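Novice:
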Amino acid sequence: MRPRRPRLGLLALVVAGLLLVQPAAASAAPLLPPANGVLDYQLGGAYAPASSVTIVDRDRTDAPAAGRYSICYVNAFQTQPGESAAFAKRHPELLVRRADGKPLADPGWPDEYLFDVSTSAKRTALLAIVGAWIDGCAEDGFDAVEADNLDSYTRSGGRLTTSQALAFATLLTARAHRAGLAIGQKNGADLAAAGKRTVGFDFAVVEECQVYDECTAYTDAYGRQVSEIEYTDNGRSAYAEACAAQGRSISVTLRDRDVVPRGAAGYVNRHC
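Next comes the structure, spelled out in structure tokens:
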């Protein structure tokens, strides 16, 4: 789950330029999620899905769900909570730095540091790390990857750019496809067209697009290959509106903000 991010000026011009470049074709088309499937978003902890569930999205440290289309969550542009200090010690040169030299944290997630994707050399070095996580998803038996924090450049204070983020994303899609996995764009409505046509993402996992009137941007780019998640702390009206507007064509799920496992206090998981 990610908080909303501010948009950058001149983004449309940057994306328009990037659309002139097409991604390299994959050697074999990966298996895509079932269109309008029933998604169980399990980032807060794995549990046995209901019989109606066709898609399960879990953290890369969990095992895939047997008998379901399984998506592997990877924090592709920032450190994971609990791992930031260790990453900073091992790879200090691969983190964005503040003016005082300390790693730059995501203001919405202060225990996550931003990866520095500003140069080709750094992107290559980061690919060796994140790419290994993607390979691990494939080895564990997942069908796809959800690459989170594509939009982290918007929290970099101008240290990173749209084109740098998309360049790293393009490396990630190639790595996923080489491993036989589909890969999904996570949020970033302004980048949906570039994400599909230039980066080569296969589908999208999007949060609160009904609340922020962004759903059409994703469906225009990805068609029915969109999994929408709305959260209970926004009230139930956005979920009801999403079901009425696009529930027959894409996957729409209502979850509690902390996506806690079934049986935990506050658990909510509905689908239309």
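Counting from 1, position 69 in the sequence shown corresponds to residue 69 in this note's numbering; the numbering is continuous, with no gaps.
We put the beta carbon where it would ideally sit given N, CA and C, even for glycine.
Given the structure is predicted, the values throughout are model-derived calculations rather than measurements.
1. By Cβ distance below 6 Å, which residues in the same chain neighbour A193 in space, the five residues on each side in sequence not counted?
2. Just the C-alpha distance for E228 and R90, rounded to the nearest angstrom, thanks.
3. Would you call the stretch 108 to 125 and the stretch 31 to 44 touching, i.e. three or more CB-CB distances under 8 Å?
4. Do L95 and P103 have their CB atoms nearer than 7 Å?
5. Excluding the 5 residues flanking W133 on each side, which residues of the same chain have their C-beta closer than 7 Å to its C-beta?
6. Starting from E228, follow its DSSP beta bridges and name the residues at the other end.
7. Mind listing, in chain order, the continuous beta strand (DSSP E) runs of no fewer than 3 residues lying wholly within the stretch 63 to 98?
8. Just to confirm the assignment, what range does the alpha helix (DSSP H) spanning A286 have?
9. Alpha carbon to alpha carbon, how far is E230 from C272?
10. Short check: CB of C137 to CB of V130, under 7 Å?
11. Classify L39: buried if its beta carbon has 16 or more other beta carbons within 10 angstroms, exposed otherwise.
12. May I have the straight-line CA-CA distance separating S52 from R270, to the nearest angstrom?
13. Go to A164, then tell me how far its alpha helix (DSSP H) extends in each direction, as first and last residue.
14. Excluding five sequence neighbours on each side, which residues of the same chain lie with their C-beta closer than 7 Å to the C-beta of R98?
15. On the DSSP letters alone, give me the boundaries of the beta strand (DSSP E) that G184 sits inside.
16. Using DSSP bridges, identify the partner residues of V145.
17. So T173 and V199 are supposed to be a Cβ contact under 8 Å. How far apart are they, rounded?
18. DSSP on L39, reduced to helix/strand/coil?
19. Can you list, in chain order, the residues of its chain with a C-beta nearer than 8 Å to that of C279? Leave out the 5 residues immediately preceding and following it.
20. Is it right to say L13 is buried, meaning 16 or more other beta carbons lie within 10 angstroms of its own, or is it exposed?
21. Going straight from the alpha carbon of S70 to that of T119, what length do you get?
22. For F87, which residues from the same chain have a beta carbon less than 6 Å from its beta carbon, with the 5 sequence-adjacent residues on both sides left out?
23. Do D57 and Y41 have their beta-carbon atoms positioned less than 7 Å apart in this structure?
Specialist: On the basis of the supplied data:
1. A221
2. Cα to Cα, E228 sits roughly 36 Å from R90.
3. The stretch 108 to 125, when compared against the stretch 31 to 44, does not touch it at the 8 Å Cβ threshold.
4. yes
5. Taking C-beta separations shorter than 7 Å and ignoring five residues to either side along the sequence, the partners of W133 in its chain run R60 and V74, following chain order.
6. V206 and V252
7. 69 to 75
8. Outside the displayed range of the chain (1 to 272) lies residue 286, so it cannot be described from this structure.
9. 12 Å
10. no
11. buried
12. 11 Å
13. One point to set straight first is that residue 164 is Gln, not Ala, in the sequence displayed. That run of the alpha helix (DSSP H) goes T162 to R178.
14. Result list for R98: L104, in chain order.
15. A182 to K186
16. For V145, which the question treats as bridged, DSSP gives the partners C72 and I183.
17. 6 Å
18. strand
19. No information on residue 279 is available, as it lies outside the stretch 1 to 272 that the chain covers here.
20. With a pLDDT of only 40 at L13, under 50, the local geometry of the prediction cannot be trusted, and the value read off the model is given with reservation. By the 10 Å Cβ count, L13 comes out exposed.
21. 32 Å
22. So the list reads T79, once near-sequence residues are dropped.
23. Taking 7 Å as the Cβ cut-off, Y41 and D57 qualify as a contacting pair.
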